[in-house]
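>
Numbering (the numbering used here), first residue to last: 896 to 1450.
(1) Let me know the beta strand (DSSP E) ranges lying completely inside the stretch 1075-1104, each 3 residues or longer, listed in chain order.
(2) Take residue 1247 and list the residues in its own chain whose beta-carbon comes closer than 8 Å to its own, dropping the five residues that flank it on each side.
(3) By alpha-carbon positions, which one of 1339, 1335, 1338, 1331 ends up nearest to residue 1349?
(4) Given a threshold of 16 other Cβ atoms within 10 Å of its Cβ, counted over all protein chains shown, does residue 951 qualify as buried or as exposed?
(5) With H, G and I counted as helix, E and B as strand and the rest as coil, what does DSSP make of residue 1327?
(6) Excluding sequence positions up to five away, which residues of its chain have a Cβ less than 8 Å from the Cβ of residue 1229?
(7) Once you ignore the five residues that flank residue 920 on each side, which residues in its own chain have a CB closer than 7 Å to its CB?
(8) For residue 1156, count neighbouring C-beta atoms within 10 Å of its own C-beta (all shown protein chains included) and say buried if the count is 16 or more, exposed if not.
(9) From which residue to which residue does the alpha helix (DSSP H) around residue 981 run?
(10) Mind checking which residues open and close the alpha helix (DSSP H) that includes residue 1255?
(11) If we ignore side chains and look at the alpha-carbon of each, how far apart do residue 1419 and residue 1341 end up?
(12) Could you check where the alpha helix (DSSP H) with residue 966 kicks off and where it finishes?
(13) Measuring straight from C-alpha to C-alpha, what distance separates residue 944 and residue 1270?
(14) Just to confirm my understanding: we take residue 1378, look at its own chain, exclude 5 residues before and 5 after, and list those with CB closer than 8 Å. What are they?
(15) Helix, strand or coil for residue 1015? Go by DSSP, reduced to three states.
(16) Give me, in chain order, the residues of the same chain whose beta-carbon lies closer than 7 Å to that of residue 928; leave out the 5 immediate sequence neighbours on both sides.
(17) Using 8 Å for Cβ pairs, my map puts residue 1407 next to residue 1312. What's the rounded Cβ distance?
(18) Just reading off the alpha helix (DSSP H) that residue 1237 is part of, what are its end residues?
(19) Use the C-beta contact count for residue 1233: other C-beta atoms within 10 angstroms, 16 or more gives buried, fewer gives exposed.
(20) Could you say which of 1014, 1152, 1337, 1083 lies nearest to residue 1440 if we only look at CA atoms?
(21) Might you give, ordered along the chain, the residues of its own chain that have their beta carbon closer than 8 Å to the beta carbon of residue 1444, omitting 5 neighbours on each side?
(22) Spatial neighbours of residue 1447 within its chain, please: C-beta separation below 7 Å, excluding the five flanking residues on both sides.
(23) In the DSSP assignment, find the alpha helix (DSSP H) that holds residue 1026 and state where it starts and stops.
(24) Can you round the beta-carbon distance between residue 1105 and residue 1080 to whole angstroms, since I take them to be within the 8 Å contact cut?
(25) What is the rounded straight-line gap between the Cα of residue 1167 and the Cα of residue 1122?
(26) If you check the beta carbons only, do residue 1284 and residue 1000 fall under 8 Å apart?
(27) Which residues in the same chain as residue 1182 place their Cβ atom closer than 7 Å to its Cβ, once the five residues preceding and following it in sequence are excluded?
(28) Taking a contact to mean a Cβ-Cβ separation below 8 Å, would you say residue 1149 touches residue 1077 in this structure?
(29) At the level of alpha carbons, what is the spacing between residue 1253 and residue 1038?
(30) Which stretch, first to last residue, makes up the alpha helix (DSSP H) that contains residue 1341?
(31) If you pair each beta-carbon of the stretch 978-994 with each one of the stretch 1006-1021, do three or more pairs fall below 8 Å?
(32) Quick check: what's the CA-CA separation for residue 1424 versus residue 1068?
(33) Hey, how far is the Cα of residue 1009 from the Cα of residue 1310?
(34) Taking a contact to mean a Cβ-Cβ separation below 8 Å, would you say residue 1278 touches residue 940 in this structure?
(35) Quick check: what's the CA-CA separation for residue 1133 versus residue 1029?
Shown next as structure tokens:
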């Protein structure tokens, strides 16, 4: 079964815009009743199996459903004890768990078999962070560019292509949940953790792409998890290592960072991830806890004001952004009190389990509150076919993952992203017979691609110097490389493969291309643009304040 969203993209965007214009400082968006009216008569999903399963579960089994634990090793046997001990609602794969197609498919089938024979026998969510680009856990399959490249392309059909192709490969390997797409609006050029993971700095653009990808994931058998509510785009602190504080007035947050999440809720998305960000002007001036632990933000804004009644999952609970003030057991309890349903990667699973169990025994949490979350989780599993899914088939997976057709899809997305922001003297595309030197980030792949395209690559008196960069604005060595490349008067073309803000570091460069990703297809796309094989059709999905270049620019 391929679950679909209750209404189409255009209707969702219309509902989103209507809701947004009604926002005030006191109330955001539409009520749950209004949202149901906006679904053009679509019927809400009514679970049948989920309530029956819940009725037969013990308290310990219910608590297990609240937890998504980090997968162990590379086989089902490596995970058997963990599954039998906790009866978790899900597991999440990382690079260390994944080797090749047959191993991954067999592991997925095996852990589901273990779960089926344990406790109430509820199948697992098997999740992964496969955003594509810089956040890709699979060591195989198709590598697409980062989200900002999709934003630069500006085509929601290409966004859907990226998501549907990714979903097909994940589903073939036995995964049914992807912690993507990123719904953050990257408004801070110094953001150390989002950057090119975001579709851009414009909330309307981000909303459009989030809706397209979320629908495509769901249509292709994988539950999407837009993240990180209430928004991680305006911070210069990485929540993996510290607690970001985003001190935005509420009206500014509503205008700049709420829209993609509001759009996702209005479109019927089933799951949203919280962010470990502290927002004093949403939470209160004396607040010390991130949104993940905030009843005001989760129960208050997300559930009551936006009308979201789906599954709320935390970002990883082993991150320092959420562990500043409390023990792992206390964090687990506060998460549930805030209105969250699933605990992703608790730092100490046993402490989290015991903390919730003790809180129920002591009356701090009611079992009815636990039941609310478990019913949401089981309903999500029923709606998306997880309860009755067939095991992953290694042979079928081998025919689906990493096909030439999928590789062509990734190249289409990359080609559409290439953005030209500087072209002094018409240095690009190269005229026939001109030679280039290539240095810097990605130089080997760019050189090889240019050579394959018939361009002469040489270090001996080249006509043009191509220099690859990634984060050069904060890297003196990369800045020096660009400066040295043009020291003798040779025209320099910089190819930015990370955030496009690098242009601030060398405003006098002759040519500047942004491809927003360091994956192979993006480097090939840059080479194709340099050689004149493709048009540079991308438009800047952020502004570059230090270079006085506005959102939407593209030569």
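Every residue, glycine too, gets a C-beta built ideally from N, C-alpha and C.
In brief:
(1) Runs found: none.
(2) For residue 1247, same chain residues with a beta-carbon under 8 Å away, outside a window of 5 residues either side, are 962, 1212, 1223, 1224, 1226, 1227, 1238, 1241 in chain order.
(3) The option with the nearest alpha carbon to residue 1349 is 1331.
(4) Looking at its Cβ environment, which holds fewer than 16 other Cβ atoms inside 10 Å, residue 951 is exposed.
(5) Secondary structure at residue 1327: coil, using DSSP grouped into helix, strand and coil.
(6) So the qualifying residues of the chain are 1184, 1188, 1221.
(7) At residue 920, the pLDDT of 38 sits below 50, so the modelled position is not reliable; the number obtained from the coordinates is stated separately. Once the five neighbours on either side are set aside, the close Cβ partners of residue 920 are 1145, 1146.
(8) Burial state of residue 1156 is buried, judged by a 10 Å Cβ sphere holding 16 or more other Cβ atoms.
(9) DSSP places residue 981 inside the alpha helix (DSSP H), whose first and last residues are 971-981.
(10) Taken as a continuous stretch (DSSP letters only), the alpha helix (DSSP H) holding residue 1255 covers 1244-1256.
(11) So the alpha carbons of these two residues sit roughly 6 Å apart.
(12) No residue range can be given for residue 966, since it is assigned to no alpha helix (DSSP H) and is classified by DSSP as neither H nor E.
(13) Those two C-alpha atoms are separated by around 10 Å.
(14) For residue 1378, the CB contacts under 8 Å within the same chain, skipping 5 residues up- and downstream, are 1401 in chain order.
(15) Residue 1015 sits in coil when the DSSP states are folded into three classes, being neither helix nor strand.
(16) Only weak support is given to the placement of residue 928: the predicted model assigns it a pLDDT of 38, under 50, and the value that follows is read from those uncertain coordinates. Beyond the five residues adjoining it in sequence on each side, residue 928 comes within less than 7 Å, by CB distance, of no other residue in the same chain.
(17) About 14 Å separates the beta carbon of residue 1407 from that of residue 1312, a gap too long to meet the 8 Å contact definition.
(18) Careful: residue 1237 lies outside any alpha helix (DSSP H) and carries neither H nor E.
(19) Under a 10 Å Cβ-count criterion, residue 1233 is classified as buried, with 16 or more other Cβ atoms of the shown protein chains found around its own Cβ.
(20) For the options 1014, 1152, 1337, 1083, the alpha carbon positioned closest to that of residue 1440 is the one of 1083.
(21) Hits under 8 Å: 1316, 1398, 1435, 1438.
(22) The beta carbon of residue 1447 sits closer than 7 Å to those of 1434, 1435, all from its chain and outside the five residues before and after it, given in chain order.
(23) Note, residue 1026: premise wrong, no alpha helix (DSSP H); beta strand (DSSP E) at 1025-1027.
(24) Going by Cβ atoms, the distance from residue 1105 to residue 1080 rounds to 10 Å, so no, they are not a contact pair.
(25) Answer to the nearest angstrom: the Cα atoms are 6 Å apart.
(26) With respect to residue 1000, residue 1284 sits apart: the two C-beta atoms are not nearer than 8 Å.
(27) The beta carbon of residue 1182 is closer than 7 Å to those of 1173, 1175 in its chain, skipping five residues each way along the sequence.
(28) Taking 8 Å as the Cβ cut-off, residue 1149 and residue 1077 do not qualify as a contacting pair.
(29) CA-CA distance, residue 1253 to residue 1038, rounds to 45 Å.
(30) Bounds of the alpha helix (DSSP H) holding residue 1341 are 1338-1347.
(31) Taking 8 Å as the limit for Cβ pairs, the verdict is that the stretch 1006-1021 does touch the stretch 978-994.
(32) Computed Cα separation, rounded: 35 Å.
(33) Here the alpha carbon of residue 1009 sits roughly 44 Å from the alpha carbon of residue 1310.
(34) A contact, by the Cβ cut-off of 8 Å.
(35) Take the alpha-carbon of residue 1133 and the one of residue 1029: they are about 15 Å apart.
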